[in-house]
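Asker: Handing you this structure, nothing more for now.
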Amino acid sequence: MSILTAVVVGLAMGSIFGFALEKSRVFEPGMIVGQMQMRNFIMLKVFLTAVATGAVVLAVLNGFGFVKLAPKAALYYADIIGGVILGVGITLAGACPGTTLAQVGAGYRDALFTLVGGLCGAVAYTYAQPILSKTILGQGDGKIIFTDLLGMPYWIGALIFAAALVVILVMLEKWRPWRAELGNDVDGDFGPARPKA
Amino acid sequence: MLTQKAWSPYFAGIVIGLLQIPAFLMVETALGASSSYVTVGVWLTGFFDPSITNIAYAASHVSAAAKNWWQVALVGGIAVGAFVSMKISAARRPAISPIWARAIGTASPNARYAMAFVGGFVMLFGARIADGCTSGHGISGMAQLSVGSTVAVAAMFAGGIAAAMLLKRI
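These protein sequence lines are chains A and B, in that order. Here my numbering is used: position 9 in the first sequence is 23, and no number is missing along the way. Here my numbering is used: position 100 in the second sequence is 1427, and no number is missing along the way.
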C-alpha cells in the first residue's frame, strides 16, 4: 500500500473513530476521571463493547484464514510499569492518547497542552529507549495469547471471551443505565447547575 | 441519528470495534494511537536534531512505512470526526471541562494547562514503555486475547484509579 493510500484510509477510519468517540461521550474528561473514580462507567462500556466487537470480527477473519493476528509481545515488566505510568497520565490528562485528539476537535483548549506534552513524552522516551530496552523493561515472553496457553484455536476463545463480555455489559447496564451517566451537558459533569457555555 | 448529542455507548463501541476490519484487511495491523506520537514527535525533532534517526527506534517510527503514516492520519482523523460530530449536533464545549475546577480545587486555566501538559507527557512516556495505549493494548490487544496486553490494561486502570484517588471527587 502506498503512503498516500494509507493516509487516505487512515483519515477516513480516523474520522469514523473520532465521530464515534464524540457520540459516545467517552472522550470527555468527566467520563475518564469519572471512570477512574468509579462513579461513571461509560468508559468501561464503550471499551468492553469495542473489545467484544473486535474479538468477534477477528474470530471470523482469523478463523476463516483471511488475516493473521498481530498481538504485541508480552513484556511483563514493561507492561506493568509502563501501564501504571500510562494510567496516571490518563487521569491527569483526562484523556487517552487517542481521545486527546477528540478533545482537540471538540474544542477543549487544555487538550492542546495534553497533545504537546504527549509529543514531548514520546520524544523523551525515544531518546531513553536504547538504554531502557536493555533493562528489565526489554524482557519478555514473545507474542503469546491466552488460547495458545489453553491449547485451543483462537476463534473459539475469542467467541467465548466476547460472550462473557456481553454478559458483563448486560449486568453493568442493569446496575448503571447509561442514560443516567451522561451528566449536565453530556460531559460526565454532575456538579451544581451552571450557565451553558 | 448523526445529529444526536450522545449515542448509546454500546452502539458507539460496536462502530469502533468494526474498524478492526479495515485495519486488518487493508493495513494489516490493529487499531492503535500512541505510536503516532513517536512518528510526529521524531519527525518534528528531526528539524533540530537530525541525529535522532540514529536511534533505531526513532528511525523505524518515522520511516516511510505505510503503517506509520496511516496511524498518524488515523489519529488526526479522530480530531476531524469529533469536530464534525460536535458541529452537526450543535453542541458547544467550554475551553476547559467544568470537572477540573472541582478535581483540582482551582479554576485557574494555567494550573489546568500545566497539569494537562504533564499528564500528556506522563501518558505517552508510559504508553511507549508499555508499547501501547488504550487502543493498541486495550481495544486491539485484548480482542486478540494477548496476555501482555491484558496485563498492561490491568496496570493502566490500577495507575489511573490510584491517581484519581489523589484528586478531589468530581
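We put the CB at the ideal spot given by N, CA and C, even for glycine.
Beta-carbon within less than 7 Å of Pro-85 of chain A's beta-carbon, same chain only, minus the 5 sequence neighbours each way: which residues are those?
Answerer: As a working mapping, residue 85 of chain A is identified with position 71 in the first sequence. Hits under 7 Å: Lys-157, Ile-159.
Asker: For the stretch 1405 to 1419 of chain B, which residues have a beta carbon sitting closer than 9 Å to at least one beta carbon of chain A?
Answerer: Residues Ile-1405, Ala-1406, Val-1407, Gly-1408, Ala-1409, Phe-1410, Val-1411, Ser-1412, Met-1413, Ser-1416, Ala-1418, Arg-1419.
Asker: When Cβ atoms are compared, which residues of the stretch 1330 to 1349 of chain B fall closer than 9 Å to chain A?
Answerer: Cβ contacts with chain A: Gln-1331, Lys-1332, Ala-1333, Trp-1334, Ser-1335, Pro-1336, Tyr-1337, Phe-1338, Ala-1339, Gly-1340, Ile-1341, Val-1342, Ile-1343, Gly-1344, Leu-1345, Leu-1346, Gln-1347, Ile-1348, Pro-1349.
Asker: In chain order, what residues of the same chain lie with their CB nearer than 6 Å to the CB of Lys-210 of chain A, ignoring the 5 residues before and after it?
Answerer: As a position in the first sequence, residue 210 of chain A is number 196, starting the count at 1. Unreliable positioning characterises Lys-210 of chain A in this predicted model, as indicated by a pLDDT of 49, which lies under 50. The coordinate reading is nonetheless provided below. Nothing listed; no residue qualifies.
Asker: With DSSP as the reference, label Ser-1361 of chain B as helix, strand or coil.
Answerer: Sequence index remark: in the second sequence, residue 1361 of chain B carries index 34 (1-based). Note: Ser-1361 of chain B maps to coil in three-state DSSP.
Asker: Closer than 7 Å by C-beta to Phe-55 of chain A: which residues in its own chain qualify, once you throw out the five before and the five after it? Chain order, please.
Answerer: As a first step, residue 55 of chain A must be located in the first sequence, where it is residue number 41. Around Phe-55 of chain A: Gln-49, Leu-186, Arg-190, Glu-195.
Asker: If you draw a straight line from the alpha carbon of Ala-172 of chain A to that of Ala-1357 of chain B, how long is it in whole angstroms?
Answerer: Counting from 1 along the first sequence, the entry for residue 172 of chain A is found at position 158. Counting from 1 along the second sequence, the entry for residue 1357 of chain B is found at position 30. Computed Cα separation, rounded: 16 Å.
Asker: DSSP three-state call for Ser-1473 of chain B: helix, strand or coil?
Answerer: Indexing the second sequence from 1 puts residue 1473 of chain B at position 146. DSSP places Ser-1473 of chain B in strand when its eight states are reduced to three.
Asker: Quick check: what's the CA-CA separation for Ser-16 of chain A versus Ile-30 of chain A?
Answerer: Position 2 of the first sequence holds residue 16 of chain A. Position 16 of the first sequence holds residue 30 of chain A. Taking the straight line joining both Cα atoms gives about 21 Å.
Asker: Taking just the CA atoms, how far does Ala-1457 of chain B sit from Ile-95 of chain A?
Answerer: For the purposes of this step, residue 95 of chain A is taken as residue 81 along the first sequence, with counting starting at 1. For the purposes of this step, residue 1457 of chain B is taken as residue 130 along the second sequence, with counting starting at 1. Cα to Cα, Ile-95 of chain A sits roughly 7 Å from Ala-1457 of chain B.
Asker: In chain A, which residues lie less than 8 Å from Ala-1491 of chain B when you measure between Cβ atoms?
Answerer: Counting from one through the second sequence, the residue named residue 1491 of chain B turns up at place 164. Neighbours of Ala-1491 of chain B on chain A, chain order: Val-47, Met-50, Gln-51, Thr-105.
Asker: Using DSSP with H/G/I as helix, E/B as strand and the rest coil, what is Ile-159 of chain A?
Answerer: Residue mapping note: residue 159 of chain A aligns to position 145 of the first sequence, counting from 1. Ile-159 of chain A: strand per DSSP, three-state reduction.
Asker: Counting along the chain, where does the alpha helix (DSSP H) carrying Gln-1572 of chain B start and finish?
Answerer: Given that chain B is displayed from residue 1328 to residue 1497, the structure contains no residue 1572 of chain B and the question cannot be resolved.
Asker: Leaving out the 5 sequence neighbours to the left and right, which residues in its chain are closer than 8 Å to Tyr-90 of chain A when beta-carbon positions are compared?
Answerer: Stepping through the first sequence from its first residue, residue 90 of chain A is reached at position 76. Here the set comprises Gln-153, Gly-154, Asp-155.
Asker: Would Ala-107 of chain A pass as a contact of Glu-36 of chain A if the rule is Cβ separation under 8 Å?
Answerer: Here residue 107 of chain A refers to the residue found at position 93 when the first sequence is read from its first residue. Here residue 36 of chain A refers to the residue found at position 22 when the first sequence is read from its first residue. Against a cut-off of 8 Å, the Cβ pair of Glu-36 of chain A and Ala-107 of chain A comes out as no contact.
Asker: Can you tell me whether Met-1326 of chain B is helix, strand or coil according to DSSP?
Answerer: Since the first residue of chain B shown is 1328 and the last is 1497, residue 1326 of chain B is not available in this structure.
Asker: What in chain A is Cβ-close to Phe-1375 of chain B, meaning under 8 Å?
Answerer: Locating residue 1375 of chain B in the second sequence gives position 48, counting from the first residue. Those do not exist, as Phe-1375 of chain B stays about 10 Å from chain A at its closest Cβ, beyond 8 Å.
Asker: When every heavy atom of the ligand GDP is checked, does at least one fall within less than 7 Å of the C-beta of Met-1328 of chain B?
Answerer: Judged by which ligands are present, the structure shown has none, so any question about the ligand GDP falls away.
Asker: Between Ala-1443 of chain B and Leu-1494 of chain B, what straight-line distance do the alpha-carbon atoms span, to the nearest angstrom?
Answerer: In the second sequence, the residue the question calls residue 1443 of chain B occupies position 116. In the second sequence, the residue the question calls residue 1494 of chain B occupies position 167. Cα-Cα distance, rounded: 14 Å.
Asker: Counting only runs of 4+ residues fully inside the stretch 1425 to 1454 of chain B, write out the alpha helix (DSSP H) ranges in chain order.
Answerer: Entirely contained in the stretch 1425 to 1454 of chain B, the alpha helix (DSSP H) runs reaching 4 residues are, in chain order, 1426 to 1431.
Asker: Taking Cβ-Cβ distances shorter than 8 Å, what residues in chain B pair up with Val-130 of chain A?
Answerer: The sequence position of residue 130 of chain A within the first sequence is 116, counting from 1. Simply Phe-1444, Gly-1447.
Asker: Given a limit of 8 Å on CB to CB distance, which residues of the stretch 85 to 99 of chain A reach chain B?
Answerer: Per Cβ criterion, the list reads Pro-85, Lys-86, Ala-87, Ala-88, Leu-89, Tyr-90, Ala-92, Asp-93, Ile-94, Ile-95, Gly-96, Gly-97, Val-98, Ile-99.
Asker: So that I know if they touch, is there some Cβ in chain A lying closer than 8 Å to that of Ala-1434 of chain B?
Answerer: Walking along the second sequence from the start, residue 1434 of chain B turns up at place 107. No, no contact with chain A.
Asker: Is there a Cβ from chain B that is less than 8 Å from the Cβ of Ile-150 of chain A?
Answerer: Counted from its first residue, the first sequence places residue 150 of chain A at position 136. Judged by the 8 Å Cβ criterion, Ile-150 of chain A is not in contact with chain B.
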